[in-house]
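J.: One structure follows; several queries about it will come next.
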Amino acid sequence: MKIWSRPPIYTLIHVLTGIVGYVYPILLVLSVAYHFLQYVLDVRFFVFSGTYEDGNSLEHTSVKLLEMACGYLIAKQL
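The numbering used here numbers the first residue of the sequence shown as 542 and each following residue consecutively.
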C-alpha cells in the first residue's frame with residue numbers, strides 16, 4: 542500500500558485536527574474513533590474526492606494518528 546503518495550492536504554488536516562483537538566478534546570476522540578473504524582472495516586475514505594478504497598493497514602492508520610499526535614504536541618507547546 543502506497544501511503545506516501547497521498548496529497549499533502551490530508552497530512553495538513555490530520556495535524557490541524559490534533560491542534561484543534563487540544564482545545565476541543567471531543568474532536569480528537571471522534572477522529573481517533575473514525576480512523577479506528579476505517580482500520581477495522583478495512584477501507585479508506587477520501588473526503589475531497591468523495592471516494593473510498595478497499596484496503597487499510599496498521600501502518601497507514603498509525604501514520605494518520607502520529608500526524609494528529611504531532612498537531613496535539615504543537616498546540617501543547619503554544
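Even glycine gets a Cβ: it sits at the ideal position worked out from N, Cα and C.
As the structure is a computational prediction, the values presented were derived from the model and not from experiment.
1) What does DSSP give as the partner residue(s) for E586 in the beta ladder?
2) Take the Cβ of T592 as the centre, count every other Cβ of all protein chains shown within 10 Å, and call the residue buried at 16 or more, exposed below.
3) Quick check: what's the CA-CA separation for E594 versus L569?
4) Identify the continuous alpha helix (DSSP H) that holds P621 and give its terminal residues.
5) Using only alpha-carbon positions, find the residue among F589, L619 and F577 that is nearest to L606.
T.: With the structure as the only source:
1) Here the sequence assigns Phe to residue 586, which means Glu is not the residue at that position. Answer is Y593.
2) exposed
3) 24 Å
4) Given that the chain is displayed from residue 542 to residue 619, the structure contains no residue 621 and the question cannot be resolved.
5) The option with the nearest alpha carbon to L606 is F577.
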